[in-house]
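*Asks:*
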Amino acid sequence: MDNHGKSTPLKGLRILRSIFCLSPKQRDSTKSETLHGNLTNSCQCDETKPACVKCTNHSIECDFLTAETSSLSPASSVSQPISSNTRFRFKPSKYQSSKRSSSVTSTRQASQEVVPRSEPAVPELPQQETLSFDDLRLFHHFVTETYRTLADQSTDRNRVWQCRIPEWGFSTPSIFHLMLAMSALHKGHLNQDQRDQYVMQADAHFTFGIRSVSAILSRLNADNCQLIYMSAVLICFVYFAHGPRPGEYLVFSQTGKAEWLVLMRGVRSILMSHHDRIFSGVLEIQDDPTIQGVSPSLQDELRGHLSRIEGVQLFIQAQVGVDHCEIYSGALDNLKEMFEEAYQIYSAEKDGTCYMSVVVGWIYRRPEEFICLLEGRDPYSLVILAYWCVLLKFMGSSWMMIGWDRHVIGGIQECLASEFHPYIEWPVGVICS
Numbered sequence: 085m086d087n088h089g090k091s092t093p094l095k096g097l098r099i100l101r102s103i104f105c106l107s108p109k110q111r112d113s114t115k116s117e118t119l120h121g122n123l124t125n126s127c128q129c130d131e132t133k134p135a136c137v138k139c140t141n142h143s144i145e146c147d148f149l150t151a152e153t154s155s156l157s158p159a160s161s162v163s164q165p166i167s168s169n170t171r172f173r174f175k176p177s178k179y180q181s182s183k184r185s186s187s188v189t190s191t192r193q194a195s196q197e198v199v200p201r202s203e204p205a206v207p208e209l210p211q212q213e214t215l216s217f218d219d220l221r222l223f224h225h226f227v228t229e230t231y232r233t234l235a236d237q238s239t240d241r242n243r244v245w246q247c248r249i250p251e252w253g254f255s256t257p258s259i260f261h262l263m264l265a266m267s268a269l270h271k272g273h274l275n276q277d278q279r280d281q282y283v284m285q286a287d288a289h290f291t292f293g294i295r296s297v298s299a300i301l302s303r304l305n306a307d308n309c310q311l312i313y314m315s316a317v318l319i320c321f322v323y324f325a326h327g328p329r330p331g332e333y334l335v336f337s338q339t340g341k342a343e344w345l346v347l348m349r350g351v352r353s354i355l356m357s358h359h360d361r362i363f364s365g366v367l368e369i370q371d372d373p374t375i376q377g378v379s380p381s382l383q384d385e386l387r388g389h390l391s392r393i394e395g396v397q398l399f400i401q402a403q404v405g406v407d408h409c410e411i412y413s414g415a416l417d418n419l420k421e422m423f424e425e426a427y428q429i430y431s432a433e434k435d436g437t438c439y440m441s442v443v444v445g446w447i448y449r450r451p452e453e454f455i456c457l458l459e460g461r462d463p464y465s466l467v468i469l470a471y472w473c474v475l476l477k478f479m480g481s482s483w484m485m486i487g488w489d490r491h492v493i494g495g496i497q498e499c500l501a502s503e504f505h506p507y508i509e510w511p512v513g514v515i516c517s
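Residue 399 in our numbering sits at position 315 of the sequence shown, with consecutive numbering throughout.
#1: Could you give the C-beta distance for residue 286 and residue 265, rounded to a whole number, given that I count them as a contact under 8 Å?
#2: Report, in whole angstroms, the separation of the C-beta atoms of residue 485 and residue 321, which I expect to be a contact under 8 Å.
#3: Could you tell me which whole alpha helix (DSSP H) segments of length 4 or greater appear in the segment 372 to 430?
#4: Ignoring anything shorter than 4 residues, give me the alpha helix (DSSP H) runs that lie fully in the segment 207 to 261, in order along the chain.
#5: Could you give the first and the last residue of the continuous alpha helix (DSSP H) run that contains residue 314?
#6: I'd like the list of long-range same chain contacts for residue 489, defined as Cβ closer than 7 Å, with 5 residues on each side in sequence excluded.
#7: Can you tell me where the alpha helix (DSSP H) with residue 300 in it begins and where it stops?
#8: Can you give me the C-alpha to C-alpha distance between residue 242 and residue 438, rounded to a whole angstrom?
#9: Which of helix, strand or coil does DSSP assign to residue 329?
#10: Would you kindly work out how many angstroms separate the C-alpha atoms of residue 357 and residue 412, rounded to a whole number?
#11: Less than 7 Å between C-beta atoms, sequence neighbours within five positions excluded: which residues of the same chain meet that for residue 495?
#12: Using three-state DSSP, classify residue 364 as helix, strand or coil.
#13: Would DSSP call residue 441 helix, strand or coil?
#14: Counting only the same chain and skipping the five closest in sequence on each side, list residues whose C-beta sits under 7 Å from that of residue 331.
#15: Using alpha carbons as the reference points, say which of 319, 504, 310 lies closest to residue 295.
#16: Could you pull the DSSP bridge partners for residue 337 from this structure?
#17: Alpha carbon to alpha carbon, what distance is there between residue 226 and residue 157?
#18: Specify, as a first and last residue, the run of the alpha helix (DSSP H) that residue 490 falls within.
#19: What is the rounded straight-line gap between the Cα of residue 471 and the Cα of residue 218?
#20: Let's test the definition: count the other Cβ atoms within 10 Å of the Cβ of residue 262 and tell me whether it reaches 16, buried, or not, exposed.
#21: If I measure Cβ to Cβ from residue 427 and keep anything under 6 Å in the same chain, skipping five residues before and after, which residues do I get?
#22: For residue 368, does the count of other Cβ atoms within 10 angstroms reach 16, so buried, or fall short, so exposed?
#23: Measuring straight from C-alpha to C-alpha, what distance separates residue 458 and residue 216?
#24: In chain order, what residues of the same chain lie with their CB nearer than 6 Å to the CB of residue 260, ignoring the 5 residues before and after it?
#25: According to DSSP, is residue 370 helix, strand or coil?
#26: Report yes or no: do three or more beta-carbon pairs, one from the segment 388 to 397 and one from the segment 447 to 462, lie closer than 8 Å?
#27: Find the nearest neighbour of residue 313 within the set 348, 251, 462, judged by alpha-carbon distance.
#28: Contact defined as beta carbons within less than 8 Å: I believe residue 230 pairs with residue 270. What is the distance between those atoms, to the nearest angstrom?
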């Protein structure tokens, strides 16, 4: 599965990281400096990709965009993403005249010439003016197939993923592009022989979606917080759907800051500022009446898991000092609660995506001190994380989570010294069996 993520648009993630890594105070300072720069240098192109913001605001063609567009290969098979504040229209057929005819007859003739494309496409119109048929196919696939895989439809009574996300996408470019990126990755999962082509399409939309989020993140307020939050959720989903990448293990990395952890911190920042407003209206959390408790047939299995966690908890308490003991114990206590919730979901025979709040929620609730220990590859925190990986296995039935449990537990094995390996034998056995 590692090769699934090799084409992840890292440049796009770096763009978002530069925003998420700033504290609110730093973001305000950066915004003030930007506004001041606009006042003193209002005539300068800011070279913002894909088009200069000032040119866009003044509804003029940006020379910077023209230069960049001309450098693209006209035979590229990847659909070009669209930009904001524009009206969608179809790309002209290569069998139509390049100039619009004022004659109604010629317009009818051009619209009637439908011939299968067997040659490379003609050069595309500027990105902000077009909506390709490839994009329409991805949109159709999302609203008919992909949305079903992202949430439990029995509790999505407001049809957020089927209706609201596509609707918001028409007014929020970040949601539109990230939605198409998810659709492309899903199609690639279903059609492995064409996966590389769909991954290329997903990367194009993912990169543009991240740029769109970066552009509005500093303007987060009560009116747009739901849209920005769902954009951030989609970014996390796309990251999962791309599949594991060598050296990146969600909450720790072999090369520095873990990419997914940066995204998680961004989601946390958004939620902390507008939690009540985000989870209101159509995004109000819905209870699932089918989840009643752990079925009798699974109670012995759950007790066995909890006993394993308590065993490693005693080991860590005996090894570490008082300062860190509370941090480790808090993580393990909450992990036991998450196992109980996971087995309630398991008893109701729910799909893998239904475990998202349990699995990701444990990471979300961890204090920064524990996250820093994970980032520093502290052995005791990695041992605890190995037990969390068992929860990842519950999500294996979701197409976008395939392979993540084995990937993360493998990274933990590589980073831990051999003397710690006996303490993760149980989670390794559960995941790899």
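Note that beta-carbon positions come from the ideal geometry of N, C-alpha and C, so glycine has one too.
*Replies:* For this structure:
#1: 4 Å
#2: At roughly 10 Å, the Cβ-Cβ gap does not stay under 8 Å, so residue 485 and residue 321 are not in contact.
#3: 380 to 403
#4: 217 to 228, 249 to 253
#5: 309 to 326
#6: So the qualifying residues of the chain are 473, 476, 477, 480, 515.
#7: 279 to 301
#8: 16 Å
#9: strand
#10: 27 Å
#11: 333
#12: coil
#13: helix
#14: 337, 338, 339
#15: 319
#16: 332
#17: Here the model assigns residue 157 a pLDDT of 35, short of 50, so the residue's position is not dependable, and the following value carries that caveat. If I take the Cα positions, the gap works out to 28 Å.
#18: 488 to 499
#19: 42 Å
#20: Buried: at least 16 other Cβ atoms inside 10 Å.
#21: The residues are 378, 382, 386.
#22: exposed
#23: 43 Å
#24: 253
#25: In the structure shown, residue 370 sits in coil (DSSP, three-state: anything other than H, G, I, E or B).
#26: no
#27: For the residues 348, 251, 462, the minimum Cα distance to residue 313 belongs to 348.
#28: About 4 Å separates the two Cβ atoms, so the contact holds.
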